[in-house]
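As structure tokens, the structure follows; a few thoughts come after it.
Protein chains in written order, with the numbering used here: chain A, 1 to 336; chain B, 1 to 291.
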């Protein structure tokens with residue numbers, strides 16, 4: 001999987017390798033950022049593997065104590081330092097940026113070392129507005145969405161050709177561009193149902209009929225649909241794939257689509273957004289960030305109930321299926 | 001010789017009969033219900049799009065005025081079928097009525113039209129007009145309805161725009177700049193206080209941060225105290241007071257932890273009684289920005 005996965009980021013890999021090779025005279029620090037589950041850790045590991053002899057790797061813990069970092073950095077002798085999940089160095093509260101500032105100061109002082117860091121994109125954007133962190137990283141790489149072909153190669157990698165059968169799942173019979181359907185209006189007081197006919201226009205069918213393009217095969221339609229439903233997020237694509245697979249068949253019409261209708265009140269949404277910005281965060285740390293402003297137990301229960309987050313061993317994490325829903329709600333309420 | 005005003009009244013009365021009156025009533029009721037339904041849907045729609053809430057709500061007074069003007073035109077042209085001589089007669093009567101008894105009402109109506117055309121404020125704006133302050137919830141032909149911070153509904157006559165200046169905090173946007181003042185002892189570490197106040201603003205859940213909306217922290221020195229002023233944008237003006245309170249509360253909590261005290265001049269003898277030196281972190285000092 002990692003091999004197929006990083007094959008999707010060839011251009012980004014070349015960019016990083018090029019920046020490291022060129023930074024003989026003046027080191028160029030690199031920031032890699034993406035939404036959760038887009039593979040930034042796998043990508044960082046891939047780069048680390050390329051420069052294994054010259055690099056040291058640190059992963060920031062989502063536990064409560066992050067004060068060890070400064071001393072740890074001082075002890076490193078290697079010329080390239082890889083730091084994964086740098087967004088876990090801050091807490092969104094007063095006095096919650098000391099460790100982050102410590103890292104940025106250390107990067108500023110260490111002119112002979114190259115720092116390759118990975119960040120959650122929501123935290124990256126926030127910290128850019130508050131601390132202008134981008135000025136510390138001249139080379140910035142945002143991992144792009146996976147395309148249909150990249151998703152196909154990653155998802156089909158464990159299978160031999162022909163293992164999976166793709167079916168369109170469309171109903172038999174001729175579909176007309178214009179069909180008449182009926183809407184049943186229920187008159188409760190009169191205890192009567194009235195059928196009101198209305199025209200149903202199949203725009204896609206008309207487009208298809210007018211188009212000179214070759215009709216897409218079921219597997220092409222399936223992977224396009226998976227890409228659309230996952231917004232090119234590779235882990236979410238994998239979840240959609242697993243939920244849609246019936247034995248060894250993928251039926252296009254039955255491809256899973258994560259849909260959330262739930263509306264969240266402002267405070268609960270804010271907590272959901274904080275978890276999204278961190279990817280994983282301990283409940284204890286979340287409580288210390290929020291303080292007594294919000295009833296955190298109630299908000300976490302609501303998020304759990306709506307299947308937006310999961311909590312395991314005291315660590316809260318966003319569910320991949322709910323990620324884009326929380327993002328959209330937060331954007332609408334102007335939290336990001 | 002016939003009295004001209006009684007002639008005008010007779011001409012005017014000759015236009016009305018039961019059928020015409022019924023038609024006019026039907027048209028007025030229909031247009032009223034139509035406008036209410038339309039505005040109901042606009043308000044529902046605006047709540048679905050928080051970011052564009054204010055902009056969507058701005059449409060409602062325009063719709064209201066347009067529909068009512070159209071209805072008046074329809075009544076005058078199609079139902080009453082007023083001729084030029086009748087129009088002159090009607091104008092004379094209307095002029096007399098407006099001049100003697102309804103000049104205030106007429107002035108409010110003209111004010112309403114000016115508000116629609118000139119947009120000194122919109123529905124959804126947080127405005128200060130004369131003695132009134134609050135969110136504009138409706139702009140009618142005669143008055144503007146405001147919701148005050150105490151959740152009172154105030155109906156301010158539209159004619160006020162001719163006599164009072166109007167200050168709009170957001171002018172058609174959902175966001176608004178909020179100024180929060182905090183006062184401290186002159187011996188306090190001013191830079192630390194500024195840093196804390198800034199962090200309290202940008203970590204608030206109500207903050208709006210982007211290229212056009214940045215935080216400004218100002219320090220002023222007075223003989224008896226220091227003043228740290230934070231200017232930051234709230235993402236939705238409905239959270240104006242919560243945002244200000246959030247910044248003040250969390251700043252004072254941190255001030256207290258870092259030994260920054262309120263000015264002694266504000267609380268004479270306070271620190272002698274409280275030898276621990278800490279002041280209540282929950283105390284709010286809204287200062288000049290309190291409402």
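Just so you know, even glycine gets a beta-carbon here, dropped at the ideal spot from N, CA and C.
None of the values given here were measured: they were computed from a predicted structure.
**Request:** Quick one: residues in its chain with C-beta nearer than 6 angstroms to the C-beta of residue 206/A, no 5 flanking neighbours on either side, listed in chain order?
**Result:** Along the first chain, read from residue 1 onward, the residue named residue 206/A stands at position 206. Closer than 6 angstroms at the Cβ level, and outside the excluded window around residue 206/A, lie 177.
**Asked** My guess is that residue 141/A and residue 16/A are in contact by the Cβ rule of under 8 angstroms, so how many angstroms apart are they, rounded?
**Response** The sequence position of residue 141/A within the first chain is 141, counting from 1. The sequence position of residue 16/A within the first chain is 16, counting from 1. With a Cβ gap of about 7 angstroms, residue 141/A and residue 16/A count as contacting.
**Prompt:** In whole angstroms, what is the alpha-carbon distance linking residue 277/B and residue 245/B?
**Reply:** Counted from its first residue, the second chain places residue 277/B at position 277. Counted from its first residue, the second chain places residue 245/B at position 245. Residue placement at residue 277/B is flagged as unreliable, the pLDDT there being 42, under the threshold of 50; the coordinate-derived value follows with that caveat. Taking the straight line from one Cα to the other gives about 23 angstroms.
**Message:** Counting only Cβ pairs nearer than 9 angstroms, list the residues of chain B close to residue 262/A.
**Reply:** Here residue 262/A is taken as the residue at index 262 of the first chain, counted from 1. Simply none; closest approach about 14 angstroms.
**Message:** DSSP has residue 134/A in a bridge; who is on the other side?
**Reply:** Start at 1 with the first residue of the first chain, and residue 134/A comes out as number 134. Answer by DSSP bridge pairing: none, since residue 134/A is not bridged.
**Message:** Quick check on residue 174/A - is its C-beta less than 8 angstroms from some C-beta in chain B?
**Reply:** Locating residue 174/A in the first chain gives position 174, counting from the first residue. The pLDDT assigned to residue 174/A is 48, lower than 50, so where the model puts this residue is not dependable, and the model offers no usable value.
**Asked** In angstroms, rounded to a whole number, what distance separates the CA positions of residue 146/B and residue 188/B?
**Response** Within the second chain, numbered from 1, the residue matching residue 146/B stands at position 146. Within the second chain, numbered from 1, the residue matching residue 188/B stands at position 188. For residue 146/B and residue 188/B, the distance between alpha carbons rounds to 41 angstroms.
**Message:** Let me check one thing: in DSSP terms, what residues is residue 55/A bridge-paired to?
**Reply:** Here residue 55/A refers to the residue found at position 55 when the first chain is read from its first residue. Partner(s): 80/A.
**Request:** At 9 angstroms on the CB atoms, spell out the chain B contacts of residue 96/A, in chain order.
**Result:** Residue 96/A sits at position 96 when you count from the first residue of the first chain. Per Cβ cutoff of 9 angstroms: 199, 203.
**Message:** What does the Cβ neighbour count give for residue 43/A, buried or exposed, with the cut at 16 atoms within 10 Å?
**Reply:** Along the first chain, read from residue 1 onward, the residue named residue 43/A stands at position 43. Under this definition residue 43/A is a buried residue.
**Item:** Candidates 310/A, 150/A, 281/A: closest to residue 322/A by CA position
**Value:** Along the first chain, read from residue 1 onward, the residue named residue 322/A stands at position 322. Closest in alpha carbon position to residue 322/A, among 310/A, 150/A, 281/A, is 310/A.
**Asked** What are the residues of the region 23–50 of chain B that lie near chain A, defined by any Cβ-Cβ distance shorter than 8 angstroms?
**Response** Cβ contacts with chain A come from 49, 50.
**Asked** Among the residues of its own chain, which have a CB less than 6 angstroms from the CB of residue 117/A, if the five just before and after it don't count?
**Response** Here residue 117/A refers to the residue found at position 117 when the first chain is read from its first residue. Answer for residue 117/A: 31, 83, 86, listed in chain order.
**Asked** Of the residues 206/B, 106/B, 84/B, 68/B, which one's Cα is nearest the Cα of residue 24/B?
**Response** As a position in the second chain, residue 24/B is number 24, starting the count at 1. Answer by Cα proximity: 68/B.
**residue 162/B, DSSP secondary structure in three states** = One-based indexing of the second chain puts residue 162/B at position 162. Of the three classes helix, strand and coil, the one that applies to residue 162/B here is helix, per DSSP.
**Item:** residue 228/B to residue 312/A span [Cα, whole Å]
**Value:** By one-based count along the second chain, residue 228/B stands at place 228. By one-based count along the first chain, residue 312/A stands at place 312. Using only the alpha carbons, I get a separation of about 43 angstroms.
**Message:** Please give the ranges of any beta strand (DSSP E) in the region 178–245 of chain B, keeping only runs that are unbroken, at least 3 residues long and fully inside the region.
**Reply:** Within the region 178–245 of chain B, the complete beta strand (DSSP E) runs of at least 3 residues are 216–221, 226–234.
**Asked** For residue 254/B and chain A, any beta-carbon pair shorter than 8 angstroms?
**Response** Residue 254/B sits at position 254 when you count from the first residue of the second chain. At least one chain A Cβ lies under 8 angstroms of residue 254/B.
**Message:** Against chain A, which members of the region 232–253 of chain B pass a CB distance test of less than 9 angstroms?
**Reply:** Listed in sequence order: 235, 236, 239, 246, 249, 250, 251, 253.
**Prompt:** Roughly how many whole angstroms lie between the Cα atoms of residue 38/A and residue 235/A?
**Reply:** The count along the first chain starts at 1 and reaches residue 38/A at position 38. The count along the first chain starts at 1 and reaches residue 235/A at position 235. Going by the C-alpha atoms only, they are around 7 angstroms apart.
**Message:** Count Cβ pairs between the region 321–335 of chain A and the region 267–274 of chain A that sit closer than 8 angstroms; are there 3 or more?
**Reply:** yes
**C-alpha distance - residue 184/A paired with residue 162/B, whole-angstrom precision** = Position 184 of the first chain, counted from the first residue, corresponds to residue 184/A. Position 162 of the second chain, counted from the first residue, corresponds to residue 162/B. Looking at the backbone, the Cα of residue 184/A and that of residue 162/B are separated by about 55 angstroms.
**Request:** Kindly list, in the order they appear in chain B, the residues whose Cβ is closer than 8 angstroms to that of residue 332/A.
**Result:** Locating residue 332/A in the first chain gives position 332, where the first residue counts as 1. Per Cβ cutoff of 8 angstroms: 49, 50, 51.
**is_contact[residue 160/B, chain A] using C-beta, thresh 8 angstroms** = In the second chain, the residue the question calls residue 160/B occupies position 160. For residue 160/B, the answer is no, since every Cβ of chain A falls outside 8 angstroms of its Cβ.
**Asked** Is it the case that the Cβ atoms of residue 57/A and residue 79/A are separated by a distance below 8 angstroms?
**Response** Here the question's residue 57/A lines up with position 57 in the first chain. Here the question's residue 79/A lines up with position 79 in the first chain. No, Cβ-Cβ distance for residue 57/A and residue 79/A is not below 8 angstroms.
**Prompt:** Should residue 82/B and residue 180/B be called a contact, given that it needs their Cβ atoms to be closer than 8 angstroms?
**Reply:** Here residue 82/B refers to the residue found at position 82 when the second chain is read from its first residue. Here residue 180/B refers to the residue found at position 180 when the second chain is read from its first residue. No, these two residues do not count as a Cβ contact at 8 angstroms.
**Prompt:** Can we say the region 223–234 of chain A touches the region 139–155 of chain A, given the rule of at least three CB pairs closer than 8 angstroms?
**Reply:** yes
**Asked** Straight-line CA distance for residue 32/B to residue 71/B?
**Response** Translated into the one-based positions of the second chain, residue 32/B becomes position 32. Translated into the one-based positions of the second chain, residue 71/B becomes position 71. Approximately 10 angstroms between the Cα atoms of the pair.
**Asked** Can a CB atom of chain A be found closer than 8 angstroms to the CB of residue 151/B?
**Response** Along the second chain, one-based indexing puts residue 151/B at 151. Cβ-Cβ to chain A under 8 angstroms: no for residue 151/B.
**Message:** In the DSSP output, what is residue 86/B paired with across the bridge?
**Reply:** Translated into the one-based positions of the second chain, residue 86/B becomes position 86. Beta-bridge pairing links residue 86/B to no other residue.
**Item:** Secondary structure of residue 174/A, DSSP reduced to three states
**Value:** Position 174 of the first chain holds residue 174/A. With a pLDDT of only 48 at residue 174/A, under the threshold of 50, the placement of this residue in the model should not be trusted, and no figure is reported.
**Asked** Comparing alpha-carbon positions, which option in 27/B, 46/B, 53/B, 57/B lies nearest residue 76/B?
**Response** The residue given as residue 76/B occupies position 76 in the second chain. Of the listed residues, the one whose Cα sits closest to residue 76/B is 27/B.
**Request:** Return helix, strand or coil for residue 134/B, following the three-state DSSP convention.
**Result:** Reading the second chain from its first residue, position 134 is the one you call residue 134/B. Residue state, collapsed to three classes: strand.
**Prompt:** Measuring CA to CA, which of 179/A, 277/A, 319/A is closest to residue 201/A?
**Reply:** Against the first chain, residue 201/A aligns to sequence position 201. Of 179/A, 277/A, 319/A, the residue nearest in Cα terms is 179/A.
**Message:** For chain C, check one thing: does any of its Cβ atoms lie closer than 8 angstroms to the Cβ of residue 181/B?
**Reply:** Note that chain C does not occur in the displayed structure, where the protein chains are A and B.
**Message:** Just checking: is the beta-carbon of residue 212/B within a distance shorter than 8 angstroms of some beta-carbon in chain A?
**Reply:** Along the second chain, one-based indexing puts residue 212/B at 212. By this cut-off, residue 212/B is not an interface position.
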